[in-house]
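Trainee: The structure is given below, and queries will be raised subsequently.
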Amino acid sequence: MRCLTPIILLALFVVPLASGSRVGPEPYRRPHVPLQWEQRRAVAHALQQGTPVYCGGGRSNAVALTFDDGPGPFSAELLNVLRDEGAHATFFLVGNRLRDWPQAARAETLLGVLGNHSWSHAHLTALPRWLVWLELARTQASMSAELGWKPRLFRAPYELHDAMTDGVARSFGLLEVFWSVDSGDDVRHATTRSVTRKVLRGLRPGAIVLMHEIHPWTIRALPAILHAIRARGLRAVSVPELLALDPPAAHQHCPFAPGGD
Numbered sequence: 022m023r024c025l026t027p028i029i030l031l032a033l034f035v036v037p038l039a040s041g042s043r044v045g046p047e048p049y050r051r052p053h054v055p056l057q058w059e060q061r062r063a064v065a066h067a068l069q070q071g072t073p074v075y076c077g078g079g080r081s082n083a084v085a086l087t088f089d090d091g092p093g094p095f096s097a098e099l100l101n102v103l104r105d106e107g108a109h110a111t112f113f114l115v116g117n118r119l120r121d122w123p124q125a126a127r128a129e130t131l132l133g134v135l136g137n138h139s140w141s142h143a144h145l146t147a148l149p150r151w152l153v154w155l156e157l158a159r160t161q162a163s164m165s166a167e168l169g170w171k172p173r174l175f176r177a178p179y180e181l182h183d184a185m186t187d188g189v190a191r192s193f194g195l196l197e198v199f200w201s202v203d204s205g206d207d208v209r210h211a212t213t214r215s216v217t218r219k220v221l222r223g224l225r226p227g228a229i230v231l232m233h234e235i236h237p238w239t240i241r242a243l244p245a246i247l248h249a250i251r252a253r254g255l256r257a258v259s260v261p262e263l264l265a266l267d268p269p270a271a272h273q274h275c276p277f278a279p280g281g282d
């Protein structure tokens with residue numbers, strides 16, 4: 022009996038430790054990254070809703086950074102920043118620029134998703150239907166030839182769209198994606214500081230942020246933006262990832278400031 026006493030005392034001491042609070046730091050849990058089939062399903066579901074996407078539902082910690090008007094001379098620098106921060110993004114490419122920077126477009130597929138931004142960055146609502154169709158068709162064909170697949174996302178230049186252009190986009194099976202946060206990086210006198218300030222002011226779960234990869238001040242603002250995203254417990258994802266992680270409500274409620282690209 023005397024020999025059993027230390028064993029009993031040890032058991033009484035160890036069991037509460039095993040069943041109670043953890044000793045030491047919590048183990049690292051890798052953030053969930055939606056699989057490709059989950060992303061495709063989320064895009065298809067959003068397309069069935071019949072309306073453009075402006076934001077996610079705001080129920081997760083995901084935000085989507087989007088970059089228009091590429092590829093271009095600053096694409097490689099942009100990708101370096103995203104890669105260093107482990108961030109994903111969505112790149113809406115202008116078709117007639119793809120032939121000049123095909124390698125940049127291929128590299129962008131490694132850190133996110135590409136979308137159609139028309140062939141010549143035209144004012145689509147001022148064009149007849151057949152020319153709108155051609156703007157989208159040439160870009161789809163060019164991306165298919167260079168990359169081996171066609172995009173599933175579309176953003177109309179200058180946010181100019183109407184029932185006709187929406188119908189053409191749907192005929193290609195393209196989901197229209199706009200934004201809830203306009204960085205203002207494409208306006209006169211935009212600076213690194215102004216871009217950073219505008220993005221951080223609108224940053225919240227589910228946000229879709231509009232930026233352009235053709236401006237050096239945007240690239241310079243990106244490290245501070247990504248640092249703020251991380252500091253707020255958020256993470257930068259692609260639009261399909263956002264739709265899979267945080268699908269928008271049937272009636273999207275996102276405070277957004279419409280503005281031109």
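The sequence shown begins at 22 in our numbering and counts up by one.
Yeah, the Cβ is synthetic: ideal placement off N, Cα and C, and Gly gets one too.
(1) In three-state DSSP terms, what is A85?
(2) Mind checking whether C275 and P268 have CB atoms under 9 Å apart?
(3) Taking the C-alpha atoms as reference points, what is the distance between L145 and G116?
(4) Measure the C-alpha to C-alpha separation of Y49 and L103 and round it to an integer number of angstroms.
(5) Leaving out the 5 sequence neighbours to the left and right, which residues in its chain are closer than 6 Å to W200 when beta-carbon positions are compared?
(6) Answer yes or no: do V134 and Q60 have a C-beta to C-beta separation smaller than 9 Å?
(7) Between which two residues does the alpha helix (DSSP H) containing V189 stretch?
(8) DSSP three-state call for C275: helix, strand or coil?
(9) Can you tell me whether G227 is buried or exposed, with buried defined as 16 or more other CB within 10 angstroms of its CB?
(10) Let me make sure I understand the geometry here. Which of S204, E262, A211 and L264 has the alpha-carbon closest to that of I246?
(11) In terms of residues, what are the limits of the beta strand (DSSP E) holding L114?
(12) In this structure, what does DSSP give as the bridge partners for R5?
(13) If you pair each beta-carbon of the segment 176-188 with each one of the segment 204-221, do three or more pairs fall below 8 Å?
(14) According to DSSP, is D207 part of a helix, a strand, or is it coil?
(15) Might you give, ordered along the chain, the residues of its own chain that have their beta carbon closer than 6 Å to the beta carbon of G77, omitting 5 neighbours on each side?
(16) Along the beta strand (DSSP E) that carries G133, what are the first and last residues, could you check?
(17) What do you get for A265, buried or exposed, if any count of 16 or more other CB atoms within 10 angstroms of its CB means buried?
(18) So who's on the other strand from F175, going by DSSP bridges?
(19) Measuring only the C-alpha atoms, how far is G93 from W154?
(20) Which whole-angstrom value describes the C-beta separation of V198 and L174, a residue pair presumed to lie in contact below a C-beta threshold of 8 Å?
(21) Considering only the alpha carbon of each residue, which of H66, A63, W122 and L86 lies closest to G223?
(22) Assign G169 to one of two classes, buried (16 or more other C-beta atoms within 10 Å of its C-beta) or exposed (fewer than that).
(23) Starting from the C-beta of A271, find all residues in its chain whose C-beta is less than 8 Å away, skip the five residues before and the five after it, and write them out in chain order.
(24) Does L168 come out as helix, strand or coil in the three-state DSSP assignment?
(25) Quick one: residues in its chain with C-beta nearer than 6 Å to the C-beta of D219, no 5 flanking neighbours on either side, listed in chain order?
(26) Per the DSSP calculation, V74 is bridged to which residue(s)?
(27) Following the continuous alpha helix (DSSP H) through V64, name the residue where it begins and the one where it ends.
Mentor: Working from what's here:
(1) strand
(2) no
(3) 14 Å
(4) Here the model assigns Y49 a pLDDT of 35, short of 50, so the residue's position is not dependable, and the following value carries that caveat. Spanning the two alpha carbons is a distance of roughly 22 Å.
(5) I229 and L231
(6) yes
(7) A184 to S192
(8) coil
(9) buried
(10) S204
(11) A110 to L114
(12) Residue 5 cannot be examined here, being either before or after the span of the chain that is shown, 22 to 282.
(13) no
(14) coil
(15) G227, L263, D267 and P269
(16) G133 to N137
(17) buried
(18) N137 and E197
(19) 24 Å
(20) 5 Å
(21) L86
(22) exposed
(23) Q70
(24) helix
(25) The sequence shown places Lys at residue 219, rather than the Asp named in the question. Cβ neighbours of K219 beyond the five flanking positions: S204 and G205.
(26) V198
(27) Q57 to Q69
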